[in-house]
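Colleague: Below you will find the structure I want to go over with you.
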Amino acid sequence: MNKKVSPLLIITGLIIGAAAVILTKFGNPANMGFCIACFLRDIAGSLKLHVAAPVQYFRPEIVGIILGSLIISLATGEFRAKAGSSPLVRFILGAVVMIGALVFLGCPLRMVIRMGGGDLNAFVGFAGFIVGILIGIVFLKKGYSLKRTKDIAAVGGYAVPAIFTVLFILFLAVPTMFVFSQSGPGSMHAPIFMALIIALVVGVLAEKSRMCMVGGIRDVVMFKDFKLISGFIAVFLAVLIGNIVLGKFKGFSTEGQPISHSAELWNFLGMVIVGWGSCLLGGCPLRQLILTGEGNLDSGITVIGMVVGAAISHRLALAGSADTAATAEAAYKVGGIGQNGKIAVFVCLIILLVISFIYTPKAKGNK
Amino acid sequence: MKEVDARGFACPRPVLMTDEVIKTGENDIIVFVDNKVAEMNVSNHAEKNGYKVSHEREGRDFKLVLKK
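Residue numbers (the working numbering), protein chains in the order written: chain C, 1 to 367; chain P, 1 to 68.
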């Protein structure tokens, strides 16, 4: 049935937006009810894959989204263990997308949540995101594609969900094995089971509705199809209205936004990386979690690549740091990235260019 | 009649592969995909381009028959 809008997608967007506001109300960091990038980074920290003290916590939301997708895809018979589509390239793309996201301080979903929170820096990121997707589309139109996936034994499809589930059970049973931030965003979290259950619902809905931040923009540009982007708009509206209702909305600004910096060039370029890389992956970070739950081992490997990218990002000081508020002694200080981060942005863009060319037959001049 | 085997390809490749054939003016196209999302996307795209779409299963895969 060819409808212009999908009610399920809009409902999913509204629920995700509302869930994000609720999770922040109950403890998640401001404008970070969900952030696939930040949460995978926090998990990396809790495993001591990096040692950035303010961002270490085993986020149940990641497990919930993967398992929600797994449960609904098993129930509807859509679970299908698949692999074989250039896994190492996907691993690298996952790491690159994560590095870009941490420069900006958010994944595409957090970008929309920040936009709904009044963060104009996120709108700059959005512009970069669109540009990144447009670049990806150029290569898609010329025939860019990674290899076909193939069916594999079921155990392969369960592997990455199982890894996250086992780690989560350990986190619950033997928390002393892990590391938790005592201050900073990693110390801010909603109650574990609230986060898990809300994320399970989000996983179910995102799987059924095929919610994807990248797909939304890509479909508008390539096919003039506004279905997927309506989910994106619904998230924004739900967050904006939720923030207004809770009295948390203080207008739009670039300064003083929580866990956000106003070094706009790097917000822009960070999200160019995310948009472009996600286009090459066939889906945004949220979509990679959903596909992982559906049995796609390549997406599972992409998620692992994101975890490794997060570890690299914090070990090598590539990630963004937020603006600092003015005090009696010091003026407002714009955050952003240091020297390493700037080099990493350019390296990531080159990696994306190389991968784009290698896997685009017409771009190489071949037919 | 042209056949498009888009099984195993990531979004949005199945739609792009179908679109390439649609652009040649072919009236009879058979498209194979391996997941519901691709089935829906290809179907929507074909209908937008004036094709009647019928859906069949082919083992675990999906077969779309597009006719103009």
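All C-beta atoms, glycine included, are put in the ideal place defined by N, C-alpha and C.
Measuring only between beta-carbons, confirm whether R148 (chain C) sits less than 9 Å from chain P.
Modeller: By this cut-off, R148 (chain C) is an interface position.
Colleague: Would you mind telling me which residues of chain C sit closer than 7 Å to L16 (chain P), beta carbon to beta carbon, in chain order?
Modeller: Those within 7 Å of L16 (chain P) in chain C are L140.
Colleague: Output needed in chain order: residues of the region 43 to 63 of chain C with a Cβ under 7 Å from some Cβ in chain P.
Modeller: Answer set for the region 43 to 63 of chain C: empty.
Colleague: Who are the Cβ neighbours of R218 (chain C) in its own chain at under 7 Å, not counting the five residues just before and after it?
Modeller: For R218 (chain C), where only same-chain residues beyond five positions count, the Cβ hits under 7 Å are I133, I137 and C279.
Colleague: In angstroms, rounded to a whole number, what distance separates the CA positions of L140 (chain C) and G45 (chain C)?
Modeller: Computed Cα separation, rounded: 35 Å.
Colleague: Which term fits P175 (chain C), buried or exposed, when burial requires 16 or more other beta carbons within 10 angstroms of its beta carbon?
Modeller: P175 (chain C) is exposed by the Cβ-count criterion.
Colleague: Are the CB atoms of F129 (chain C) and V272 (chain C) within a distance shorter than 9 Å?
Modeller: Closer than 9 Å, so yes.
Colleague: Check H314 (chain C) in the structure and name its three-state DSSP category.
Modeller: Helix, per DSSP.
Colleague: Is the Cβ of R7 (chain P) closer than 9 Å to any Cβ of chain B?
Modeller: Absent from the structure: chain B. Protein chains present are C and P.
Colleague: Is G156 (chain C) close to chain P? Criterion is C-beta to C-beta, closer than 9 Å.
Modeller: No, because no Cβ of chain P sits closer than 9 Å to the Cβ of G156 (chain C).
Colleague: Just to confirm, is the Cβ distance from V63 (chain C) to F168 (chain C) under 9 Å?
Modeller: It is a contact, given that the beta carbons lie within the stated cut-off.
Colleague: Per the contact definition of three or more C-beta pairs closer than 8 Å, is the region 196 to 207 of chain C in contact with the region 15 to 25 of chain C?
Modeller: Result yes; three or more Cβ-Cβ pairs closer than 8 Å.
Colleague: When burial is assigned at 16 or more other CB atoms within 10 Å of the CB, is I36 (chain C) buried or exposed?
Modeller: With 16 or more Cβ atoms within 10 Å of its Cβ, I36 (chain C) is classed as buried.
Colleague: Helix, strand or coil: which one does DSSP assign to G215 (chain C)?
Modeller: Residue state, collapsed to three classes: helix.
Colleague: Please decide whether N27 (chain P) counts as near chain C, where near means a Cβ-Cβ distance under 9 Å.
Modeller: Not closer than 9 Å to any Cβ of chain C, the Cβ of N27 (chain P) fails to qualify, so no.
Colleague: Could you have a look at H50 (chain C) and say whether DSSP puts it in helix, strand or coil?
Modeller: Three-state result, H50 (chain C): coil.
Colleague: Around the Cβ of N27 (chain P), are there at least 16 other Cβ atoms within 10 angstroms (buried) or fewer (exposed)?
Modeller: With fewer than 16 other Cβ atoms within 10 Å, it is exposed.
Colleague: Determine whether the beta carbon atoms of E255 (chain C) and D323 (chain C) lie at a separation below 9 Å.
Modeller: Yes.
Colleague: To which residues of the same chain is F249 (chain C) closer than 8 Å at the C-beta, ignoring the five residues directly before and after it?
Modeller: Closer than 8 Å at the Cβ level, and outside the excluded window around F249 (chain C), lie G117, G118, L240 and N243.
Colleague: For S356 (chain C) and chain P, any beta-carbon pair shorter than 9 Å?
Modeller: Taking Cβ atoms only, chain P never reaches closer than 9 Å to S356 (chain C), which makes this a no.
Colleague: What residues in the region 258 to 289 of chain C bring their beta carbon closer than 8 Å to a beta carbon of chain P?
Modeller: Residues passing the 8 Å Cβ filter: L281, G282 and G283.
Colleague: Cβ of K2 (chain P) less than 9 Å from any chain C Cβ?
Modeller: Cβ-Cβ to chain C under 9 Å: no for K2 (chain P).
Colleague: Could you have a look at K142 (chain C) and say whether DSSP puts it in helix, strand or coil?
Modeller: In the structure shown, K142 (chain C) sits in coil (DSSP, three-state: anything other than H, G, I, E or B).
Colleague: Find the nearest neighbour of L318 (chain C) within the set C:L172, C:L349, C:L102 and C:A127, judged by alpha-carbon distance.
Modeller: Closest by alpha carbon: C:L102.
Colleague: Please report the straight-line C-alpha distance between V5 (chain C) and C212 (chain C), rounded to a whole angstrom.
Modeller: So the alpha carbons of these two residues sit roughly 15 Å apart.
Colleague: Alpha helix (DSSP H) containing I259 (chain C): first to last residue?
Modeller: Premise fails: I259 (chain C) is in no alpha helix (DSSP H) and is neither H nor E.
Colleague: Short check: CB of C284 (chain C) to CB of C107 (chain C), under 9 Å?
Modeller: Cβ distance < 9 Å, so C284 (chain C) and C107 (chain C) count as in contact.
Colleague: If you draw a straight line from the C-alpha of F123 (chain C) to the C-alpha of M115 (chain C), how long is it?
Modeller: Distance between the alpha carbons of F123 (chain C) and M115 (chain C): 6 Å.
Colleague: Would you be able to state if there are at least three C-beta pairs under 8 Å between the region 22 to 32 of chain C and the region 290 to 307 of chain C?
Modeller: Because the criterion of three Cβ pairs below 8 Å is not met, the region 290 to 307 of chain C and the region 22 to 32 of chain C do not touch.
Colleague: Under 6 Å Cβ to Cβ from V303 (chain C), same chain only, skipping five residues before and after it: list those, please.
Modeller: If we look at V303 (chain C) and ignore the five residues flanking it on each side, its Cβ neighbours are Q288 and T292.
Colleague: At a Cβ threshold of 9 Å, is H45 (chain P) touching chain C?
Modeller: Chain C contact via Cβ: present.
Colleague: Please go through the same chain and pick out, in chain order, the residues whose beta-carbon is closer than 7 Å to the beta-carbon of Q56 (chain C), but skip the five residues on each side of it.
Modeller: Within the same chain, Q56 (chain C) has close Cβ partners D42, G45, S46, V179, F180, S181 and G186.
Colleague: Report yes if the CB atom of C348 (chain C) is closer than 9 Å to the CB atom of I135 (chain C), and no otherwise.
Modeller: Not closer than 9 Å, so no.
Colleague: Would you mind working out which of P:M17, P:R57, P:V65 and P:N49 sits nearest V225 (chain C), comparing C-alpha positions?
Modeller: The amino acid at residue 225 (chain C) is misidentified as Val; the sequence shows Asp. Answer by Cα proximity: P:N49.
Colleague: Between which residues of its own chain and T12 (chain C) is the CB-CB distance below 7 Å, once the five residues before and five after are set aside?
Modeller: Excluding residues within five positions, the ones whose Cβ falls inside 7 Å are L205, A206, S209, M211 and G231.
Colleague: What's the call for P69 (chain P), buried or exposed, on a 16-neighbour Cβ count within 10 Å?
Modeller: No answer is possible for residue 69 (chain P): the residues shown for chain P start at 1 and end at 68.
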